[in-house]
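Have a look at the structure below before the remarks.
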Amino acid sequence: MEQKSWRESYTELQRLVLPADTNIYNALYGGRLVEWIDNVASIVATKHSRRRAVTGSIDSLFFLSPIHLGDIVIMSGRLNYVTRTTMEIQVDVYSEEGLTGVRRFTTTAFLTYVAIDQDGRPTPVPGLLIEDEETKRRFEEGAKRSEARLAQLSRVRESHKNEI
1 MEQKSWRESY
11 TELQRLVLPA
21 DTNIYNALYG
31 GRLVEWIDNV
41 ASIVATKHSR
51 RRAVTGSIDS
61 LFFLSPIHLG
71 DIVIMSGRLN
81 YVTRTTMEIQ
91 VDVYSEEGLT
101 GVRRFTTTAF
111 LTYVAIDQDG
121 RPTPVPGLLI
131 EDEETKRRFE
141 EGAKRSEARL
151 AQLSRVRESH
161 KNEI
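Here UniProt numbering is used: position 14 in the sequence shown is 14, and no number is missing along the way.
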């Protein structure tokens with residue numbers, strides 16, 4: 001299968017935080033941000049694979065700073081690593097105060113998507129073209145995370161083998 005550059009699927013999405021998006025402290029609901037992050041990652045996965053792609057896992061998600069009512073949320077999604085049927089996507093989130101332009105790094109997340117066929121079975125995806133040292137570093141780090149992810153998945157499946 002061919003290889004594709006991460007640039008072909010890079011996605012940036014911006015949202016304005018409205019009252020319906022906030023809690024009683026006028027901060028963005030964490031769950032709403034998770035939904036937006038998952039949406040960005042879904043776009044990246046679909047653009048890379050050109051197949052149906054579903055969330056396999058949210059591997060890590062760190063809320064570093066609150067996002068407030070009226071802030072502009074800037075989310076960027078980038079493909080870091082691929083296996084035969086999965087894609088690891090990193091989504092970084094910044095908030096920007098609309099009136100001042102002050103920007104803060106607020107959240108980072110790693111998600112794994114699985115490409116599926118019409119029957120819901122995993123299906124192959126294009127490889128990731130390693131174009132430079134940064135892409136190579138991200139790919140190697142993604143490989144380590146993938147190994148840890150698979151080990152954790154194996155433990156979860158084993159502990160629930162009679163329930164799945």
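The beta-carbon is built from N, C-alpha and C at its ideal position, and this holds for glycine as well. Note that the coordinates shown come from a computational prediction; the quantities given were computed from them, not determined experimentally.
Selected residue, minimal CA-CA separation from residue i, among the options
i, options, result
"LEU16", "VAL93, GLU134, ALA45, ARG149", "VAL93"
"TYR10", "LYS161, PHE63, ALA45, LEU61", "ALA45"
"LEU13", "THR123, TRP6, PRO19, LEU33", "LEU33"
"ILE7", "SER95, ARG104, ASN80", "Per the sequence shown, residue 7 should be read as Arg rather than Ile. With distances taken between Cα atoms, ARG7 lies closest to ASN80."
Beta carbon of residue i nearer than 8 angstroms to that of residue j
i, j, result
"GLY120", "THR86", "no"
"THR106", "SER65", "yes"
"ILE67", "LEU18", "no"
"ILE37", "MET1", "no"
"GLU35", "ILE72", "no"
Integer-rounded CB distance, given that residue j should sit under 8 angstroms from residue i
i, j, result
"LYS4", "LEU111", "No, LYS4 and LEU111 are not in contact; Cβ-Cβ is about 18 angstroms, not under 8 angstroms."
"residue 168", "ALA115", "Any property of residue 168 remains undetermined from this structure, which presents the chain solely from 1 to 164."
"GLU88", "SER154", "At roughly 17 angstroms, the Cβ-Cβ gap does not stay under 8 angstroms, so GLU88 and SER154 are not in contact."
"PHE62", "THR108", "5 angstroms"
Cut-off 7 angstroms between Cβ atoms - residues of its own chain near residue i, not counting five sequence neighbours on either side
i, result
"VAL82", "VAL125, GLY127, LEU128"
"ASP59", "PHE110, LEU111, THR112, ARG145, ARG149"
Residues near residue i by beta carbon distance below 6 angstroms, same chain, minus five either side
i, result
"ALA53", "ALA45, THR46, TYR113, ALA115"
"GLN90", "ARG78, ASN80, PHE110"
"LEU69", "VAL17, THR22, ASN26"
"ASP117", "THR123"
Considering only residues of the UniProt domain "HotDog ACOT-type" (7-119), which uninterrupted alpha helix (DSSP H) runs meet the minimum length of 4 residues and lie entirely inside it, listed in chain order? 30-49
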